[in-house]
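Asker: Residue numbers (the numbering used here), protein chains in the order written: chain A, 37 to 353; chain B, 6 to 290.
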Amino acid sequence: MEQVAVRQARAEREAGGRPVADKRMTAQAATALIRDGDHVAIGGTLYSRTPMALVFALLRQRRRHLTVSRTLACYEIELLLATGALDRIVTSWVGIGLPWGLPPIFRHYTESGQVRYDEWSHLAMGLRYKAGAMGVPFLPSLTMLGSDLARTLDLQTVTCPYTGEQLAAVPALNPDVALIHAHRADMFGNVQVDGYRHMDTDMAKAARTVIVSAEEIVSPEAIAARPDQTMLPHFAVDAVVAAPHGAYPHECYGRYGPDLEHFDAYASSVRADGPAAGLRYVEQNVDAHADFAAFLAAAGSARLAACEAEARELTPR
Amino acid sequence: MAITASRLLADHKVVFAGVGMPLLASAVARHIHAPHLTIVLEGGIIGTSLRPGQLPISTNEMRAAYGAQMLTDITDIFLYAQRGYFDYGFLGAAQVDMYGNINTSVIGSLEHPRVRLPGSGGANDIISLCNEVLIVTAHEPRRFVERVDYITSPGYLSGGDSRARAGLVAGRLGAVVTDLALLDFEPDSKRMRLRALQAGVTVAQVRAQTGFDLLVGEEVGDLRPPSAQELAIYRELRDGPPAGAAEESGATLAEPAAGARSGPLAEPAVGAATAAAEPVAAGPA
């Protein structure tokens, strides 16, 4: 079980600077902090608030031997697989959703043994990030016991010193880098999110380097006007990237819904051509554009507006 | 079978529902007999009310959060389950065995898989932590197997007290609902047992569609066929208001108001009566 020992992660945080400084940079500069072989945790869940602008920048860099973890993984995992970036996937579920069938690129790489899939339960993923965020080496839980998941992962148990009960000892996960997409951030890295938070708070606090993209860069005064909305304080954030529509084609709570037609087109092409279609997707949607804004421009304002209209219908105003 | 499953959910309870049929059945229950049933979804969503015809595909999207009372994070939701707040955990199953173990990980061996499936998601946690677990799935021999290829989500493991011995002290498996029958687990052996039949189905048919030796209860009951009202509500939740219904008043479904228990929740939709003739097992339900 690969992991940065929690004590080492703490030592780095102790030693690291906490400058209240302008941390704004481009997605390319921020994702250049990721090195070959790193463990990259991707925020959001499935097709909600995925940091897609940051994932696209990472895809462009063609890193190798990465491990990627997520709560539930969507097709961004397949794009990383198709470009040869991944050695290992750590998550509880992979796919877009029932209507799109089983993910063919994921199947290709895992069934052939080229890429390892460490399958944890969804809560166990949460507890792994939470233990990492809490600075403890494991958390006890009543989940995953007795299952083949536990056996495959060699999950250990602990005996409660007070009651004698047997509990799963879910190990901490301290990713090298966390990629998080948020609604608002100021230049110092105070980060606000609307709606559900997935596992982003713990994932970020557990990580050694935290890169946040935001729909809007706002003033520190705007953050202070709604401090209860702040999910991460500036000292837990290393880089801030302005990324309007930065989760598209996935959804961003209250801002825009998912572009299901985009999913349909992707799913039908990878169903037909497998990993080659995944690579083609990256060439056409990532490599062919100067940056994420150019990808959005190619998608067109009409599609973005339709996604925004759906969010207005579905969330309280 | 969604309607059979919906009848198992009592009012004033909390159900942790997976997407697809568990969510649809939970929504039907809220509109028929359990207006105070609180639906919880994995994405961190508590007390959602769903828009007819726009059921979410993911438990983490805005459609799943429509009208919710609370949005929290995912880990927190599961910790409510571990604390004992969730009366029901409600799951589908790709493959289930005679002890209620569920496989959603792999067909074949993990080392040399024939098909690598998406994985547990929250199913392992739901079956481990919710107070009573309900499983709803189509009744086919390839799904109802003697031993699952891989225990993604633990039921009664190898039967008897093996679940408790593994440390799974929370939760029990309540019922399995299929298009053919209602089943439960015999209290001592923890083996799956036939309790009641869907309309027109025989014990022999159920046995033929089960890939293991099924226990049969001493008394096998008959399940009440879905009523016209149940079917109309089910179809409207799944597909949206029926075509041809008057714009202002056509929808069958008013959001169930807390405390509004007198009389039917809403008038049956135009055309709903003909739907009652169709078998409940039709379609993906």
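We treat Cβ as the ideally placed atom computed from N, Cα and C, and that holds for glycine.
Note that this is a predicted model, so its numbers are computed, not measured.
In its own chain, which residues sit with a C-beta less than 7 Å from the C-beta of P269 of chain A, not counting the 5 before and 5 after it?
Answerer: Counting from 1 along the first sequence, the entry for residue 269 of chain A is found at position 233. For P269 of chain A, where only same-chain residues beyond five positions count, the Cβ hits under 7 Å are N226.
Asker: Quick one: which residues of the region 229-246 of chain A get their C-beta closer than 8 Å to a C-beta of chain B? List them in chain order.
Answerer: Those residues of the region 229-246 of chain A that come within reach of chain B (Cβ to Cβ, closer than 8 Å) are G231, Y232, R233, H234, M235, D236, T237 and D238.
Asker: Along the chain, where does the alpha helix (DSSP H) containing G314 of chain A start, and where does it finish?
Answerer: The count along the first sequence starts at 1 and reaches residue 314 of chain A at position 278. First-last of the alpha helix (DSSP H) with G314 of chain A: P311 to V318.
Asker: At a CB-CB cut-off below 7 Å, which residues of chain A make contact with D130 of chain B?
Answerer: Within the second sequence, the letter at position 125 stands for residue 130 of chain B. By Cβ distance, chain A contributes S157, H158, L159 and T179.
Asker: Could you check if R43 of chain A is buried or exposed, using at least 16 other CB atoms within 10 Å of its CB as the buried criterion?
Answerer: Here residue 43 of chain A is taken as the residue at index 7 of the first sequence, counted from 1. Counting Cβ neighbours within 10 Å, R43 of chain A comes out exposed, since fewer than 16 surround it.
Asker: Check whether chain A comes within 8 Å of I156 of chain B, counting only Cβ atoms and requiring the distance to be less than that.
Answerer: What you label residue 156 of chain B is simply residue 151 of the second sequence in a count that begins at 1. It does: the Cβ of I156 of chain B has a partner Cβ on chain A nearer than 8 Å.
Asker: Between which two residues does the beta strand (DSSP E) containing L199 of chain B stretch?
Answerer: What you label residue 199 of chain B is simply residue 194 of the second sequence in a count that begins at 1. Where L199 of chain B is concerned, the enclosing beta strand (DSSP E) stretches over M197 to L202.
Asker: In whole angstroms, what is the alpha-carbon distance linking P388 of chain A and A272 of chain A?
Answerer: Outside the shown range of chain A, which is 37 to 353, sits residue 388 of chain A, and nothing can be said about it.
Asker: Counting C-beta neighbours from all protein chains within 10 Å, is the total for E253 of chain B 16 or more, i.e. buried, or is it exposed?
Answerer: On the second sequence, residue 253 of chain B is found 248 positions in, with the first residue counted as 1. For E253 of chain B, the pLDDT reaches just 43, beneath the cut-off of 50, and the residue's location in the model is therefore unreliable, leaving the point undetermined.
Asker: Below 8 Å on the Cβ atoms is my contact criterion, and I expect Y145 of chain A with H286 of chain A to pass it. Report the Cβ-Cβ distance as a whole number of Å.
Answerer: As a working note, residue 145 of chain A is residue 109 in the first sequence. As a working note, residue 286 of chain A is residue 250 in the first sequence. At roughly 22 Å, the Cβ-Cβ gap does not stay under 8 Å, so Y145 of chain A and H286 of chain A are not in contact.
Asker: Using Cβ-Cβ distances below 7 Å, what residues of the region 79-92 of chain B are close to chain A?
Answerer: Near chain A, meaning a CB-to-CB distance below 7 Å, the residues of the region 79-92 of chain B are I79, T80, F83 and Q87.
Asker: Would you say V194 of chain A faces chain B, with C-beta separation under 8 Å as the test?
Answerer: In the first sequence, residue 194 of chain A corresponds to position 158, counting from 1. No, V194 of chain A lies away from the interface with chain B (no Cβ there is under 8 Å from its Cβ).
Asker: Going straight from the alpha carbon of V101 of chain B to that of G179 of chain B, what length do you get?
Answerer: Your numbering for residue 101 of chain B matches position 96 in the second sequence. Your numbering for residue 179 of chain B matches position 174 in the second sequence. Approximately 14 Å, taken between the alpha carbons.
Asker: From I69 of chain B to A51 of chain A, what does the alpha carbon distance come to, in whole angstroms?
Answerer: Here residue 69 of chain B corresponds to residue number 64 of the second sequence, with the count starting at 1. Here residue 51 of chain A corresponds to residue number 15 of the first sequence, with the count starting at 1. Position check: residue 69 of chain B holds Ala in this sequence, whereas Ile was assumed. Distance between the alpha carbons of A69 of chain B and A51 of chain A is about 42 Å.
Asker: Apart from the five residues on each side of it in sequence, which residues of its chain come closer than 6 Å, Cβ to Cβ, to G49 of chain B?
Answerer: For the purposes of this step, residue 49 of chain B is taken as residue 44 along the second sequence, with counting starting at 1. Counting only Cβ-Cβ distances below 6 Å, and skipping sequence neighbours, we find L76, T77, D78, I79 and I82.
Asker: Take every Cβ of the region 117-129 of chain A, pair it with every Cβ of the region 85-103 of chain A, and state whether three or more of those distances are shorter than 8 Å.
Answerer: yes
Asker: Measuring CA to CA, which of A:R60, A:S337 and A:Y232 is closest to Y284 of chain A?
Answerer: Taking the first sequence and counting its residues from 1, the one referred to as residue 284 of chain A is at position 248. The shortest C-alpha separation from Y284 of chain A is found at A:S337.
Asker: Report the rounded CA-to-CA distance for A221 of chain A versus I132 of chain B, giving the unit in angstroms.
Answerer: One-based indexing of the first sequence puts residue 221 of chain A at position 185. One-based indexing of the second sequence puts residue 132 of chain B at position 127. In a straight line, the C-alpha of A221 of chain A is about 38 Å away from that of I132 of chain B.
Asker: Report buried or exposed for V322 of chain A, applying the criterion of at least 16 other Cβ atoms within 10 angstroms of its Cβ.
Answerer: On the first sequence, residue 322 of chain A is found 286 positions in, with the first residue counted as 1. So V322 of chain A ends up on the buried side.
Asker: Under 8 Å, Cβ to Cβ, is there at least one residue of chain A near P269 of chain B?
Answerer: The count along the second sequence starts at 1 and reaches residue 269 of chain B at position 264. Residue confidence for P269 of chain B is low, a pLDDT of 31 falling below 50, so the modelled location carries little weight and cannot support an answer.
Asker: Does any C-beta atom of chain A lie closer than 8 Å to the C-beta of V141 of chain B?
Answerer: In the second sequence, residue 141 of chain B corresponds to position 136, counting from 1. V141 of chain B does not count as touching chain A.
Asker: How close, in whole Å, do the beta carbons of V24 of chain B and L42 of chain B come, if the pair is a contact with beta carbons under 8 Å?
Answerer: What you label residue 24 of chain B is simply residue 19 of the second sequence in a count that begins at 1. What you label residue 42 of chain B is simply residue 37 of the second sequence in a count that begins at 1. Not a contact, Cβ separation roughly 17 Å.
Asker: Within 10 angstroms of the Cβ of D184 of chain A, are there 16 or more other Cβ atoms? Answer buried if so, exposed if not.
Answerer: In the first sequence, counting from the first residue as 1, residue 184 of chain A sits at position 148. Buried is the call here.
Asker: Using the Cβ count rule (16 or more neighbours within 10 Å means buried), how would you classify A77 of chain A?
Answerer: For the purposes of this step, residue 77 of chain A is taken as the residue at position 41 of the first sequence. It counts as buried.
Asker: At what residue ranges does the region 12-68 of chain B contain a whole run of the beta strand (DSSP E), taking only runs of 3 or more?
Answerer: The qualifying runs are 19-22 and 43-46.
Asker: Just by C-beta distance, which residues in the region 326-345 of chain A are closer than 9 Å to chain B?
Answerer: none
Asker: Tell me the DSSP secondary structure of A272 of chain A in three-state form.
Answerer: Stepping through the first sequence from its first residue, residue 272 of chain A is reached at position 236. Note: A272 of chain A maps to helix in three-state DSSP.
Asker: With three or more beta-carbon pairs closer than 8 Å as the criterion, would you say the region 326-343 of chain A touches the region 53-67 of chain B?
Answerer: Because the criterion of three Cβ pairs below 8 Å is not met, the region 326-343 of chain A and the region 53-67 of chain B do not touch.
Asker: Nearest CA to the CA of S128 of chain A: which residue from B:I107, B:G127 and B:L115?
Answerer: Numbered from 1 along the first sequence, position 92 holds the residue referred to as residue 128 of chain A. Here the closest residue by C-alpha is B:G127.
Asker: Decide yes or no for the touch test of the region 206-214 of chain A against the region 61-79 of chain A: beta carbon pairs closer than 8 Å, at least 3 of them.
Answerer: yes
Asker: Report the residue ranges of all beta strand (DSSP E) runs contained in full by the region 90-144 of chain A; include only those spanning at least 3 residues, in chain order.
Answerer: 102-105 and 122-127
Asker: Which ranges does the beta strand (DSSP E) cover as unbroken runs of at least 3 residues, wholly within the region 108-180 of chain B, from first to last along the chain?
Answerer: 111-113, 118-121 and 137-141
Asker: Would A201 of chain B and A186 of chain B be called neighbours here (beta carbons separated by less than 8 Å)?
Answerer: To locate residue 201 of chain B, count along the second sequence from 1; it is residue 196. To locate residue 186 of chain B, count along the second sequence from 1; it is residue 181. Yes, these two residues count as a Cβ contact at 8 Å.
Asker: In chain order, what residues of the region 58-72 of chain B put their CB closer than 8 Å to some CB of chain A?
Answerer: I62, S63, N65, E66, M67, R68, A70 and Y71
Asker: Please list, in chain order, all residues of the same chain as K241 of chain A whose beta carbon is under 7 Å from its beta carbon, the five residues on each side excluded.
Answerer: Taking the first sequence and counting its residues from 1, the one referred to as residue 241 of chain A is at position 205. Correct list, in chain order: A169 and A272.
Asker: Taking all protein chains shown into account, do 16 or more other C-beta atoms lie within 10 angstroms of the C-beta of A47 of chain A, making it buried, or fewer, making it exposed?
Answerer: Against the first sequence, residue 47 of chain A aligns to sequence position 11. Flag for A47 of chain A reads exposed.
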